[in-house]
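Residue numbers (our numbering), protein chains in the order written: chain A, 398 to 666; chain B, 37 to 449.
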Amino acid sequence: MSNDTDEVFVGVDVGASRTKVAILDAAANLIGYDVRKSGTDFAGTADLCMEASLDMAAVSRNKIQYCVSTGYGRKNVAFSRETKTEISCHARGCYHYFPMAMTIIDIGGQDNKVIKLDDQGRRINFKMNRKCAAGTGAFLEEMSARLDIPLEEMDALARQSTEMVELGSYCTVFSGTEVLEKIRQGKKVPDIVKGLFFSVIKRVLEMDSLTDRVAMTGGVVEHNPYLVDMVREITSRDILVPEHPQLTGAVGAALFAREAAAAEMIRDE
Amino acid sequence: MTEEKKVTRKKIEATEVCKKIMADHFYEMDEAVRTRSKKIAWCTSVGPAELLRGMGFLVYFPENHGAMLGATRMATDLIPYANALGYSPDICSYLTCDIGSYLQKKTPLKMAYNIESVPRPDVLVYNTNQCRDVQDWFAWYSRELNVPLVGVHTHRDIGDIGPTQIKDIAVQIEDLVPQLEQVSGGKFDMDRFKEAVGYSRRTSELWRACLETAAAVPSPWTFFDATIHMGPAVVARGTREGMEYYELLLPELEQRIRDGVAAVEGERHRLYWEGMPIWGKLRPLSEQFYSLKACVVASTYCNSWIFDQLDPAKPFESMAVAYTELFIVRDEPFKEKYIADCLEKFKFDGIVFHDAKTCPNNSNNRYGMPERIAKNLGIPVLTINGDLCDLRCYSEEQAKTNIEAFIEQLEET
Ligand code: SF4
Numbered sequence: 398m399s400n401d402t403d404e405v406f407v408g409v410d411v412g413a414s415r416t417k418v419a420i421l422d423a424a425a426n427l428i429g430y431d432v433r434k435s436g437t438d439f440a441g442t443a444d445l446c447m448e449a450s451l452d453m454a455a456v457s458r459n460k461i462q463y464c465v466s467t468g469y470g471r472k473n474v475a476f477s478r479e480t481k482t483e484i485s486c487h488a489r490g491c492y493h494y495f496p497m498a499m500t501i502i503d504i505g506g507q508d509n510k511v512i513k514l515d516d517q518g519r520r521i522n523f524k525m526n527r528k529c530a531a532g533t534g535a536f537l538e539e540m541s542a543r544l545d546i547p548l549e550e551m552d553a554l555a556r557q558s559t560e561m562v563e564l565g566s567y568c569t570v571f572s573g574t575e576v577l578e579k580i581r582q583g584k585k586v587p588d589i590v591k592g593l594f595f596s597v598i599k600r601v602l603e604m605d606s607l608t609d610r611v612a613m614t615g616g617v618v619e620h621n622p623y624l625v626d627m628v629r630e631i632t633s634r635d636i637l638v639p640e641h642p643q644l645t646g647a648v649g650a651a652l653f654a655r656e657a658a659a660a661e662m663i664r665d666e
Numbered sequence: 037m038t039e040e041k042k043v044t045r046k047k048i049e050a051t052e053v054c055k056k057i058m059a060d061h062f063y064e065m066d067e068a069v070r071t072r073s074k075k076i077a078w079c080t081s082v083g084p085a086e087l088l089r090g091m092g093f094l095v096y097f098p099e100n101h102g103a104m105l106g107a108t109r110m111a112t113d114l115i116p117y118a119n120a121l122g123y124s125p126d127i128c129s130y131l132t133c134d135i136g137s138y139l140q141k142k143t144p145l146k147m148a149y150n151i152e153s154v155p156r157p158d159v160l161v162y163n164t165n166q167c168r169d170v171q172d173w174f175a176w177y178s179r180e181l182n183v184p185l186v187g188v189h190t191h192r193d194i195g196d197i198g199p200t201q202i203k204d205i206a207v208q209i210e211d212l213v214p215q216l217e218q219v220s221g222g223k224f225d226m227d228r229f230k231e232a233v234g235y236s237r238r239t240s241e242l243w244r245a246c247l248e249t250a251a252a253v254p255s256p257w258t259f260f261d262a263t264i265h266m267g268p269a270v271v272a273r274g275t276r277e278g279m280e281y282y283e284l285l286l287p288e289l290e291q292r293i294r295d296g297v298a299a300v301e302g303e304r305h306r307l308y309w310e311g312m313p314i315w316g317k318l319r320p321l322s323e324q325f326y327s328l329k330a331c332v333v334a335s336t337y338c339n340s341w342i343f344d345q346l347d348p349a350k351p352f353e354s355m356a357v358a359y360t361e362l363f364i365v366r367d368e369p370f371k372e373k374y375i376a377d378c379l380e381k382f383k384f385d386g387i388v389f390h391d392a393k394t395c396p397n398n399s400n401n402r403y404g405m406p407e408r409i410a411k412n413l414g415i416p417v418l419t420i421n422g423d424l425c426d427l428r429c430y431s432e433e434q435a436k437t438n439i440e441a442f443i444e445q446l447e448e449t
């Protein structure tokens, strides 16, 4: 446990949908974090998240040695010293938990990423989804509104499915129409929800091949762990998931902050 | 640190001359239309321009107009007018924005040169070596303006080019002569034709040499500069003025090398751009690469105006070779070998593939090439989604993040 004399390293991940902050101590233990809706005031949300994370870590602001921001709103974080893309930060965060060659599948609120790392954690390749929201958290949010089901109940519903309904379209709008058609046909809601999960998985798996071990991260994975079970089944692979999949980018940013602070110290000596 | 910085760069002095050549090109045609002093031929970018020059036509290139519509960001608003006529948003956005521009009577020529409209054609001449869209594009104008349409149909997706193909294309080009004579009202002049082929050949050699100056480390210019300076090679192909422009530009670039002038200050990464430019975003992209200390040193696009097989001694046959051996006409193994040779010459660290939504012909990422190249050449690749003109197909934020992440990846290695 940390105390007020320890220095800390902060990663702020301002995603299009959620803002996440992770605070690491000198030994890279996660000692504080927070997640909240990014909203429209990125800087304000980042600040609130930071305060909450510092409270959790029980450290004061002046103990922050270095802060790196990432994500869609990375350039809006006034108190960060450096920015890094979410691709680098997810890779870094994931490798921290699983130091091995792997394919990372990140399912975020607004985009998906497939990142390949070698056994040294170096990036070999990465891909982000194309312009469309199909297969991202935004797709599930849109569908939960269409079906009038709270987002947080989707995971439990999908688990109740006995006969999954397959949806064919690429497009979020067309999928919406397809879903209405399935309801009209009398299909059961859990079967449709599982079909929606399957459609997210299909969109992600078509982005790239899976090589080495596979890890899944991101908010959608955190809140819908059944997705991971489905990927396990579909791919017949064991899937690694870090403890807080939604925080992977923020943890990665904090790890970069820790490295940058160390480099700075060496330079200053 | 990957923050973008304010960009200040040493200007290329020849730019003013480049601008003047472009302006004169349009003024000359505008004047000819008004005074009916010369006939105008519209020609596709890699169509038989030398033949047209040899026959006394002034040559206008609608693709250049498309690029201007893209660069001025007028295209995105004009494309829907062509869509409404049944020309899909999925087909060439040069075609759709140009037709939209005609329908709406809006052209960037007005703002740039105070010219009301593009020059009315007397004949429309295409070569399908690049795509079928050019034929459909010109066919629309042919119907609309009741103007004759003639063209060359090139074999596509070919590996080795054989005598059958060359003979066929050479005959097709030669067959254009009587049709064009009917329009021009004059006799075909072989000497003038050969002269135009000679100018094109020399222009190509000089243009190649200009592009190859980017092999220097640091590079004296970037792909983004070259997209501007290729203007004369496109619109003044087959003329003395076109050739002379590169006699001016080449020594300047060579001098920049000697003086150690870097197009990208502190150049750390060198990249290859595969695919069409994103015309409406050239500046922000150029500035982003600059701020990341990455220089785009070579591209398939700018190389596409090298026709060094042209030979005034064998004008028809050499035109057939030059316009068939282009990258866009060739099969995947040829293209991959071509990029490998460029790697050898320009020593880049990565390739950016631009998947242009409306131009499958210039989007070479769609049949697994990036993956094969990454594996065979051992360099990382990135694909960004966008378009040449239709900015509705481009997510700037996503492209920027992808590019930034790609540079971070290069920094890790
Ligand atoms: S090659 Fe592409 S950009 Fe050029 S005219 Fe054809 S479709 Fe349009």
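Glycine residues also receive a C-beta, built at the ideal position from the N, C-alpha and C atoms.
Where E560/A sits in the DSSP three-state scheme: Position 163 of the first sequence holds residue 560/A. Note: E560/A maps to coil in three-state DSSP.
Give every residue of the same chain whose Cβ lies closer than 8 Å to the Cβ of N412/B, excluding the five residues on either side of it in the sequence, and list them in chain order. Taking the second sequence and counting its residues from 1, one reaches residue 412/B at position 376. Around N412/B: E372, A376.
Could you please give me the residues that DSSP links to M499/A through a beta bridge? Mapped onto the first sequence, residue 499/A falls at position 102. In the DSSP output, where bridge partners are listed per residue, M499/A has L514/A, R610/A.
Per DSSP, E479/A forms a beta bridge with which residues? Along the first sequence, one-based indexing puts residue 479/A at 82. For E479/A, the pairing in a beta bridge is given by DSSP as V465/A.
V270/B versus F62/B - alpha carbon distance: Here the question's residue 270/B lines up with position 234 in the second sequence. Here the question's residue 62/B lines up with position 26 in the second sequence. Between V270/B and F62/B, the C-alpha separation is close to 13 Å.
Contacts of R415/A in chain B (Cβ-Cβ under 7 Å): Against the first sequence, residue 415/A aligns to sequence position 18. Going along chain B, no residue has its Cβ under 7 Å from R415/A, so there is no contact; the nearest lies around 17 Å.
If distances are taken between C-alpha atoms only, which option among M226/B, N398/B, R45/B comes closest to G92/B? Here the question's residue 92/B lines up with position 56 in the second sequence. Closest in alpha carbon position to G92/B, among M226/B, N398/B, R45/B, is M226/B.
In whole angstroms, give me the CA-to-CA distance for R156/B and I76/B. For the purposes of this step, residue 156/B is taken as residue 120 along the second sequence, with counting starting at 1. For the purposes of this step, residue 76/B is taken as residue 40 along the second sequence, with counting starting at 1. R156/B and I76/B have their C-alpha atoms some 7 Å from each other.
With 16 as the cutoff for other CB atoms within 10 Å, does E180/B come out buried or exposed? Taking the first residue of the second sequence as 1, we reach residue 180/B at position 144. It is exposed - the Cβ of E180/B has fewer than 16 other Cβ atoms within 10 Å.
For R433/A, three-class secondary structure by DSSP: The count along the first sequence starts at 1 and reaches residue 433/A at position 36. R433/A sits in a strand when the DSSP states are folded into three classes.
Three-way DSSP call (helix, strand, coil) for R366/B in this model: Within the second sequence, the letter at position 330 stands for residue 366/B. In the displayed model, R366/B falls within a strand according to three-state DSSP.
Quick one: which unbroken beta strand (DSSP E) runs of 3-plus residues sit fully inside the stretch 62-131 of chain B? Chain order, please. If we require 3 residues or more, the beta strand (DSSP E) runs fully inside the stretch 62-131 of chain B come out as 76-79, 94-96.
Chain-ordered neighbours of E440/B on chain A, where CB pairs are closer than 7 Å: For the purposes of this step, residue 440/B is identified with residue 404 of the second sequence, where counting begins at 1. By Cβ distance, chain A contributes T482.
Would you call the CB atoms of S596/A and S572/A closer than 9 Å? If you number the first sequence from 1, residue 596/A lands on position 199. If you number the first sequence from 1, residue 572/A lands on position 175. For the pair S596/A and S572/A, the CB atoms are nearer than the 9 Å cut-off.
Per DSSP, L602/A forms a beta bridge with which residues? What you label residue 602/A is simply residue 205 of the first sequence in a count that begins at 1. BP columns for L602/A are empty, so no partner.
Cβ of Y130/B versus every heavy atom of ligand 1: is any distance shorter than 8 Å? Here residue 130/B refers to the residue found at position 94 of the second sequence. Checking the Cβ of Y130/B against ligand 1 gives yes.
Pair within 9 Å by beta-carbon distance, W309/B and Y337/B: Working through the second sequence from its first residue, we reach residue 309/B at position 273. Working through the second sequence from its first residue, we reach residue 337/B at position 301. In contact: W309/B and Y337/B (Cβ atoms closer than 9 Å).
Taking only three categories from DSSP, how would you classify Y282/B? Within the second sequence, residue 282/B is the residue found at index 246, counting from 1. Of the three classes helix, strand and coil, the one that applies to Y282/B here is helix, per DSSP.
Rounded to whole angstroms, what is the Cα-Cα separation between R415/A and V432/A? Here residue 415/A refers to the residue found at position 18 when the first sequence is read from its first residue. Here residue 432/A refers to the residue found at position 35 when the first sequence is read from its first residue. The C-alpha of R415/A lies about 7 Å from the C-alpha of V432/A.
Cβ-based burial, A441/B [other Cβ within 10 Å; buried from 16]: Indexing the second sequence from 1 puts residue 441/B at position 405. A441/B counts as buried, since no fewer than 16 other beta carbons sit within 10 angstroms of its beta carbon.
Quick one: does the C-beta of C133/B sit closer than 8 Å to a heavy atom of ligand 1? Locating residue 133/B in the second sequence gives position 97, counting from the first residue. Result no, Cβ not under 8 Å from ligand 1.
Pair within 9 Å by beta-carbon distance, L160/B and H305/B: One-based indexing of the second sequence puts residue 160/B at position 124. One-based indexing of the second sequence puts residue 305/B at position 269. At a Cβ-Cβ threshold of 9 Å, L160/B and H305/B do not count as neighbours.
Going by other Cβ atoms of all chains shown within 10 Å of its Cβ, with 16 needed for buried, is T38/B buried or exposed? For the purposes of this step, residue 38/B is identified with residue 2 of the second sequence, where counting begins at 1. Below a pLDDT of 50, predicted positions are generally treated as unreliable, and T38/B, at 41, falls in that range; the measurement from the model is reported next regardless. Taking all protein chains shown into account, T38/B has 16 or more neighbouring C-beta atoms within 10 Å of its C-beta and is therefore buried.
Going by the C-beta, is I314/B closer than 8 Å to any heavy atom of ligand 1? Along the second sequence, one-based indexing puts residue 314/B at 278. No.
Closer than 8 Å at the beta carbon, the chain A residues around A410/B: Looking up residue 410/B in the second sequence gives position 374. Close to A410/B, with beta-carbon spacing below 8 Å, are these residues of chain A in chain order: N522.
Give the list of continuous alpha helix (DSSP H) stretches no shorter than 4 residues that lie fully inside the stretch 277-334 of chain B. Whole alpha helix (DSSP H) segments, 4+ residues: 318-327.
Residues that R519/A contacts on chain B, provided the C-beta gap is smaller than 7 Å: Here residue 519/A refers to the residue found at position 122 when the first sequence is read from its first residue. The contacting residues are E448, T449.
Compare the C-beta of M627/A against all C-beta atoms of chain B and say whether one is closer than 9 Å. Along the first sequence, one-based indexing puts residue 627/A at 230. Chain B, which has no Cβ nearer than 9 Å to the Cβ of M627/A, makes this no.
For F384/B, the nearest candidate out of E303/B, I314/B, A392/B (CA to CA): By one-based count along the second sequence, residue 384/B stands at place 348. Scanning E303/B, I314/B, A392/B for the CA closest to the CA of F384/B turns up E303/B.
Comparing alpha-carbon positions, which option in R89/B, L131/B, T263/B, I205/B lies nearest A334/B? Your numbering for residue 334/B matches position 298 in the second sequence. Answer by Cα proximity: T263/B.
Three-state secondary structure (DSSP) of A206/B: In the second sequence, residue 206/B corresponds to position 170, counting from 1. Secondary structure of A206/B (DSSP, three-state): helix.
Can you list, in chain order, the stretches of the alpha helix (DSSP H) that have 4 or more residues and sit fully within the stretch 199-266 of chain B? For the stretch 199-266 of chain B, whole alpha helix (DSSP H) runs of length 4 or above, ordered along the chain, are 199-220, 226-248, 259-265.
Run through the DSSP bridge pairs and tell me what V188/B is partnered with. In the second sequence, residue 188/B corresponds to position 152, counting from 1. DSSP lists N163/B as partners of V188/B.
Taking the straight line between their C-alpha atoms, what separation do you get for D444/A and A423/A? Against the first sequence, residue 444/A aligns to sequence position 47. Against the first sequence, residue 423/A aligns to sequence position 26. Between the alpha carbons of D444/A and A423/A lies a distance of about 22 Å.
Within the stretch 339-420 of chain B, ranges of the beta strand (DSSP E) (whole runs, at least 3 residues): Fully contained in the stretch 339-420 of chain B are the following beta strand (DSSP E) runs of length 3 or more, in chain order: 386-392.
In terms of residue numbering, what span does the beta strand (DSSP E) encompassing D410/A cover? Working through the first sequence from its first residue, we reach residue 410/A at position 13. For D410/A, the uninterrupted beta strand (DSSP E) run begins and ends at 405-411, by DSSP.
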